[in-house]
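Here is the structure we will look at.
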Amino acid sequence: MEKAFRNPLFLTGLPMAVCGVAITAPALWIPGLVLMVCGWAKANKQA
7 MEKAFRNPLF LTGLPMAVCG VAITAPALWI PGLVLMVCGW AKANKQA
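Spelled out as structure tokens, the structure:
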């Protein structure tokens with residue numbers, strides 16, 4: 007998980023997901039979650 011925090015996809019998706027949930031905007035949290043999952047999967051694949 008610590009490698010995921012260094013991944014640009016994860017770092018871009020995390021604030022998008024947090025802001026999207028905070029203001030209930032699916033247009034932000036859905037792509038944010040997708041970017042987070044892609045970044046996390048990429049970090050796990052490299053490990």
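Residue numbers (our numbering): 7 to 53.
Virtual Cβ for every residue (Gly too), placed ideally from N, Cα, C.
This one's a predicted model, so the numbers in the text were calculated from it and none came from an experiment.
- The beta carbon of residue 27 sits closer than 6 Å to the beta carbons of 35 from its chain, once the five residues preceding and following it are set aside; these are given in chain order.
- The three-state reading of DSSP puts residue 30 in coil, since its state is none of H, G, I, E or B.
- The C-beta distance from residue 23 to residue 39 rounds to 5 Å, short enough to meet the 8 Å contact threshold.
- Take residue 42, set aside five residues on each side of it, and the residues of its chain with a beta-carbon closer than 7 Å to its own are 16, 19, 20, 23, in chain order.
- Residues of the same chain with a CB within less than 7 Å of the CB of residue 25, apart from the 5 flanking positions on each side, are 34 in chain order.
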